[in-house]
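Trainee: I am attaching a structure below and will ask some questions about it afterwards.
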Amino acid sequence: MESMKYPYEKFEEEVKEAIKEVLRVAYDIEEEIKLEKPKGIADLAFPCFPLSKILKRNPVEIAEEIARKIRKGEWIEKVEAVKGYVNFFIDIRKLTRETIRLIEEMGDDYGKQSKKKVKVIVEHTSANPNGPLHVGRARNPIIGDTIARLLKFGGYDVVTQYYVDDMGKQVAILFWGVKNLKIDVKHDKDDHKYVVYYQEAAKLMEENEKVRKEIEEIIKECERGNKKILAELKGIYTRVLNGILQSLEMLNIRIDEFVEESKFVLDGSVERVIQELQKLPYAGKEGKAIYLDLEEFGIHGRDKKFYITRSDGTSLYATRDVAYHIWKGERADKMINVLGEDHKLEAKFVEIALKLLNKKTPEVIFYSFVSLPEGRMSTRKGRVVYLDDLIEEAIERAKREVIKRRGELPNIDYIARSVGTGAIRYNIIKVRPEKPIVFKWEEALNFEGQSAPFIQYAHARCCSILRKVRYEGCEQPEYEHESEIALIKMLATFPEIVKESIKARNPSAIAEYVYELASAFNAFYRDCRVIGSEKEKERLALVNATRQVICNCLTILGIEALEEM
RNA sequence: GGGCGCGUGGCCUAGCCUGGAUAGGGCGCUGGCCUUCUAAGCCAGUAGUCGCGGGUUCGAAUCCCGUCGCGCCCGCCA
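Numbering (our numbering), first residue to last: 838 to 1402.
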């Protein structure tokens, strides 16, 4: 698969070369060729308007002239000039043969890019282990996991990391609560059980000076690297963390590595960061607290001071984050972090600090919060939808739908789970991360239209046909019906979509594409009878190829490709 | 006050990086399609000053400036 090229890519190169050649010979112009893909008009198009300026001639004429001078090629089947554009049409018979052949040869690998030998660490979720995940933050694991899957598909070596904040106020409050309170909670998951201790302790801390002091003392001890306390703390937060991980598991999300924040205090790297940073000319002191003045880096106003230590010499979250990123950067070629938009300023601080220390900086994907129609989610105000409740509801509803349509299938629970959780993942990932989402049950649990079940359904239809008639290969497939042609073109562009969506770090492009592919398949299904038709063999090839590409997309999206539903 | 992000039919959304040929979809609503491969489907209809104003350009949803609305942030918290 090294340096291999997919058919559409080859076509595009041929077109570019052909245009370049004509421009050079006929007009003595060396220009970067920018092509368009006007759906439904041509496979590729070259607008001649910029040339018209250089040549001081009518673009319509130029297009016609260029069109005349370009001959058919290996991939170019036809060239036409229309309204100032040179339109190129691909040799559909060749495209068909190559695409079907490639999909069959490559299978689950179709669409992948060549191995990059680049290691990427994707950090996502990293939620404080003080309670269950709520829907407001559920974008994080879904975006992170999908990015990781996408990059893996694109030929990168990917490792996912969860940065466990075991030294923060949140975990300290939880710890205090569990040690000092006795609350009877009935819940089968520890994250839901323990969050009650956290909530109660947080309330007491606000009302009671003594409690506040005790919790602060816990934090101080952690920051001084008290191993005994840290170990005790770990015993408690691990149970909450495991609850969080169970929720993620339901969504098909598994994280490779867990990195504890305390590690960087214990191994002295935070101290080294502080030493290095305070040597910088931007360093200053306010009392005994050390800060960096970031005015010069475009950060103005009150927030220009980036504190790296407190007055008592202990480190701050962002400082420890710098140490973590230095460590991470030594273990990867690229770092990608998925963070809530509330972390923008902190991330900027970390980035500047890393640059000043001459270290690698991470790319960050920020997402907006999911809010409720009543406003931002808040555990304290009880205005919250837990991810577990959403998952449970989705699965239940999916199960009712399966029973309604299909009766009691033997693997109904598996199907219901795949449909329900798939719907959740798809609904989150189809929207670009920076767009705010207002959570509505009827939207989150939508099983129709642009949704995971729609796509899974198209896949199941393919499988159903292939179950009835075995596909045993097709030597020279050829298609005529416009629905067949549209479908084969969709299949052929998949590798391009993968490439672009990686480049733009935009997994929602895959979600968009696979929906369109499923849609194109539905049109084909409507128009072209497969089983029993004269073209049965060829159409089976198309069905099989569609099945494969939908499956590959769903793998990237972390959604189950169901054979039956 | 400052910084960042978002603003596309009643609702949701793609396209914006890299400007081009009628702004794609979905939900909803109206009507139609199951004696042939799964109707979680399909078809037809409905609905749009791409927040607003200016600029750049042969051409702007897309780039630039301004403006309004919403969100997030601006702690020796995380």
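Where is the CB? At the ideal position from N, CA and C, for every residue including glycine. The model shown is predicted, which means the values in this text are computed figures rather than measured ones.
Compute the distance between the beta-carbons of residue 924 and residue 917, then report whether it is under 8 Å.
Mentor: Cβ atoms of residue 924 and residue 917: closer than 8 Å.
Trainee: Kindly list the residues whose CB is nearer than 7 Å to the CB of residue 1321, restricted to its own chain and excluding five residues on each side of it in sequence; keep chain order.
Mentor: 1361, 1365, 1379.
Trainee: So the alpha helix (DSSP H) residue 1171 belongs to, where does it begin and stop?
Mentor: From DSSP, residue 1171 is part of no alpha helix (DSSP H) but of the beta strand (DSSP E) over 1171 to 1177.
Trainee: Go through its chain and collect everything with a Cβ distance to residue 967's Cβ below 8 Å, but skip five positions before and after it.
Mentor: These residues qualify, in order along the chain: 1007, 1008, 1010, 1011, 1031, 1032, 1035, 1074, 1077.
Trainee: Kindly indicate which three-state DSSP category residue 1220 falls into: helix, strand or coil?
Mentor: Strand at residue 1220.
Trainee: So, is residue 1168 buried or exposed, given that buried needs 16 or more other C-beta atoms within 10 angstroms?
Mentor: The residue in question, residue 1168, is exposed, as its Cβ has fewer than 16 Cβ neighbours within 10 Å.
Trainee: According to DSSP, is residue 1020 part of a helix, a strand, or is it coil?
Mentor: Three-state DSSP puts residue 1020 in coil, outside helix and strand.
Trainee: Below 8 Å, can you find three or more Cβ-Cβ pairs linking the region 1381 to 1401 to the region 1255 to 1268?
Mentor: Judged by Cβ distances under 8 Å, the region 1381 to 1401 makes contact with the region 1255 to 1268, as three or more pairs qualify.
Trainee: So what does DSSP say about residue 927, is it helix, strand or coil?
Mentor: DSSP places residue 927 in strand when its eight states are reduced to three.
Trainee: Taking residue 1196 and residue 1163 to be in contact with their CB atoms under 8 Å, please state how far apart those CB atoms are, rounded to whole angstroms.
Mentor: The Cβ separation is near 5 Å, so the contact holds.
Trainee: What's the C-alpha gap between residue 961 and residue 1186?
Mentor: Cα-Cα distance, rounded: 19 Å.
Trainee: On the DSSP bridge assignment, give the partners of residue 1142 in chain order.
Mentor: Answer by DSSP bridge pairing, in chain order: 1130.
Trainee: Let me confirm a value: residue 1386 is counted as buried when at least 16 other C-beta atoms fall within 10 Å, else exposed. Which label applies?
Mentor: By the 10 Å Cβ count, residue 1386 comes out buried.
Trainee: Kindly indicate which three-state DSSP category residue 998 falls into: helix, strand or coil?
Mentor: Strand.
Trainee: Mind reading off the beta-carbon distance from residue 1205 to residue 1060? Whole number of angstroms is fine, and I expect it under 8 Å.
Mentor: Not really, about 32 Å apart at Cβ, beyond 8 Å.
Trainee: Under the three-state reduction of DSSP, which class applies to residue 918: helix, strand or coil?
Mentor: DSSP places residue 918 in strand when its eight states are reduced to three.
Trainee: In this structure, how does DSSP classify residue 1209 when only helix, strand and coil are distinguished?
Mentor: Strand at residue 1209.
Trainee: Helix, strand or coil, according to DSSP, for residue 1090 in the structure here?
Mentor: Residue state, collapsed to three classes: coil.
Trainee: So, residue 1276 versus residue 1207, is the Cβ gap smaller than 8 Å?
Mentor: It is a contact, given that the beta carbons lie within the stated cut-off.
Trainee: Determine the extent of the alpha helix (DSSP H) in which residue 863 is found, giving its start and end residues.
Mentor: Looking at the DSSP string, residue 863 is not in any alpha helix (DSSP H), and its letter there is neither H nor E.
Trainee: Work out the CA separation of residue 1160 and residue 1096 for me, nearest whole Å.
Mentor: Those two C-alpha atoms are separated by around 12 Å.
Trainee: Can you tell me whether DSSP reads residue 1180 as helix, strand or coil?
Mentor: If DSSP states are grouped into helix, strand and coil, residue 1180 belongs with the helices.
Trainee: Report the option in 1020, 1084, 1016 whose CA atom is closest to the CA atom of residue 1069.
Mentor: Selected option, being the one with the closest Cα: 1016.
Trainee: In the structure shown, what three-state DSSP assignment does residue 1280 receive?
Mentor: If DSSP states are grouped into helix, strand and coil, residue 1280 belongs with the helices.
Trainee: Over what stretch of residues does the beta strand (DSSP E) that includes residue 881 continue unbroken?
Mentor: Run containing residue 881: 881 to 884, per the beta strand (DSSP E) assignment.
Trainee: Considering only their Cβ atoms, is the gap separating residue 1339 from residue 987 smaller than 8 Å?
Mentor: For residue 987 and residue 1339, yes; Cβs fall inside 8 Å.
Trainee: So, are the CB atoms of residue 950 and residue 1336 less than 8 Å apart?
Mentor: Going by C-beta atoms, residue 950 is nearer than 8 Å to residue 1336.
Trainee: Classify residue 977 as buried or exposed, calling it buried when 16 or more other Cβ atoms lie within 10 Å of its own Cβ.
Mentor: Result: buried.
Trainee: Going by beta carbon distance, what residues of the same chain come within less than 6 Å of residue 952, once the five residues before and after it are set aside?
Mentor: Within the same chain, residue 952 has close Cβ partners 992.
Trainee: Measure the beta-carbon distance from residue 1371 to residue 1314 and round it to whole angstroms, keeping in mind my assumption that it falls under 8 Å.
Mentor: Rounded, the Cβ-Cβ distance is 13 Å, inconsistent with contact.
Trainee: One question on the structure: do residue 959 and residue 985 come within less than 8 Å of each other, judged by their Cβ atoms?
Mentor: Going by C-beta atoms, residue 959 is nearer than 8 Å to residue 985.
Trainee: On the three-state DSSP scale, how would you describe residue 1404?
Mentor: Nothing in the structure corresponds to residue 1404, since the chain is present only between 838 and 1402.
Trainee: Measure the CB-CB distance between residue 1080 and residue 1003 and report whether it falls below 8 Å.
Mentor: Their beta carbons are not under 8 Å apart, which means residue 1080 does not touch residue 1003 by this criterion.
Trainee: Is residue 971 helix, strand or coil when you go by DSSP?
Mentor: If DSSP states are grouped into helix, strand and coil, residue 971 belongs with the strands.
Trainee: Is it true that the CB of residue 1367 sits closer than 8 Å to the CB of residue 1325?
Mentor: Taking 8 Å as the Cβ cut-off, residue 1325 and residue 1367 do not qualify as a contacting pair.
Trainee: For the alpha helix (DSSP H) that residue 980 lies in, which residues bound it at each end?
Mentor: Unbroken alpha helix (DSSP H) run through residue 980: 976 to 990.
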